[in-house]
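This note's numbering applies: residue 5 is where the sequence shown begins, and numbers increase by one.
Below is one structure, written out as structure tokens; the observations come after it.
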Amino acid sequence: MQHTPPSEFQQRWVPFLKRWAITTLGVVVAATLVRGIDYSSFGGLLAASLLLGALNAFLKPVMLILALPLLVASLGIFVLFVNAFLLFAVGQLMGGAFRVDSFGAAFWGGVVISLVSITANILTGTRGAFRIQRHRSPPPDDNRRPPAPPPGDGPVIDV
């Protein structure tokens with residue numbers, strides 16, 4: 005069977021559409037579970053999740069670099085506040101189509117969206133922000149010899 009290379013659509017748009025669908029699922033779950041997050045239409049929800057994805061892609065890295073001392077001091081917990089700020093900003097930018105009533109609602113909504121996104125990425129095999137890999141060392145070779153020293157360079161201490 006001959007292997008055909010993936011098209012540009014498959015390489016570029018399919019991963020984007022998967023991430024957008026996962027973000028949308030997270031926003032739907034957050035709007036269902038968290039009081040204070042609401043949307044007026046499915047189109048508004050899609051637009052809000054697209055805007056959230058764009059802010060996460062472009063603004064979040066800058067915010068994380070600027071907040072690096074707080075991230076280190078809080079052992080990473082401050083990321084939850086960055087996520088909440090971005091979700092709250094989406095609510096402010098979307099007007100009535102997508103509403104986030106308070107920063108507290110944005111905080112818990114961000115937690116829910118993160119948990120749903122992590123779970124969905126693991127279940128679908130979509131590459132997210134992290135990847136778990138296990139490496140094994142090769143078995144020891146008993147017939148190994150140290151390399152010969154270069155001629156005329158004097159004694160070599162191999163540590």
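We put the beta carbon where it would ideally sit given N, CA and C, even for glycine.
Handout entry: Among Gly40, Ala34, Val32, Met67, nearest to Val86 - alpha-carbon criterion
Key = Looking up residue 86 in the sequence shown gives position 82. Measuring from the Cα of Val86, the nearest candidate turns out to be Met67.
Exercise for the section: Use the C-beta contact count for Arg140: other C-beta atoms within 10 angstroms, 16 or more gives buried, fewer gives exposed. Expected result: Translated into the one-based positions of the sequence shown, residue 140 becomes position 136. Arg140 should be labelled exposed.
Problem - Contact under 9 Å by Cβ, Thr123 with Pro19 - result: In the sequence shown, residue 123 corresponds to position 119, counting from 1. In the sequence shown, residue 19 corresponds to position 15, counting from 1. Contact flag unset, no.
Handout entry: Nearest to Val31 (by Cα), restricted to the options Leu56, Ser11, Ser78, Asn60
Key = The count along the sequence shown starts at 1 and reaches residue 31 at position 27. Checked all of Leu56, Ser11, Ser78, Asn60; the closest Cα to Val31 is Leu56.
Problem - Ordered list of beta strand (DSSP E) runs contained in the region 41-76, each at least 3 residues - result: For the region 41-76, whole beta strand (DSSP E) runs of length 3 or above, ordered along the chain, are 41-43.
Exercise for the section: Label Gly100 either buried or exposed according to how many other C-beta atoms from any shown protein chain fall within 10 Å of its C-beta, with 16 as the threshold for buried. Expected result: Here residue 100 corresponds to residue number 96 of the sequence shown, with the count starting at 1. Burial call: exposed.
Handout entry: Span separating the alpha-carbon of Leu1 from that of Lys64
Key = No answer is possible for residue 1: it lies beyond the span of the chain, which begins at 5 and ends at 163.
Exercise for the section: From the DSSP output, in three-state form, read off Arg39 for me. Expected result: One-based indexing of the sequence shown puts residue 39 at position 35. Coil at Arg39, not helix or strand.
Problem - Euclidean distance between Cα positions of Leu127 and Val120 - result: Along the sequence shown, one-based indexing puts residue 127 at 123. Along the sequence shown, one-based indexing puts residue 120 at 116. About 10 Å.
Problem - Residue range of the unbroken beta strand (DSSP E) whose run includes Phe92 - result: Locating residue 92 in the sequence shown gives position 88, counting from the first residue. Element bounds for Phe92: not the beta strand (DSSP E) but the alpha helix (DSSP H), 82-98.
Problem - One or two residues paired with Phe102 in a DSSP bridge - result: Counting from 1 along the sequence shown, the entry for residue 102 is found at position 98. DSSP output for Phe102 lists Tyr43 as bridge partner(s).
Handout entry: Of the listed residues Leu91, Val104, Ile41, nearest to Leu59 (C-alpha basis)
Key = Start at 1 with the first residue of the sequence shown, and residue 59 comes out as number 55. Comparing Cα positions, the closest option is Leu91.
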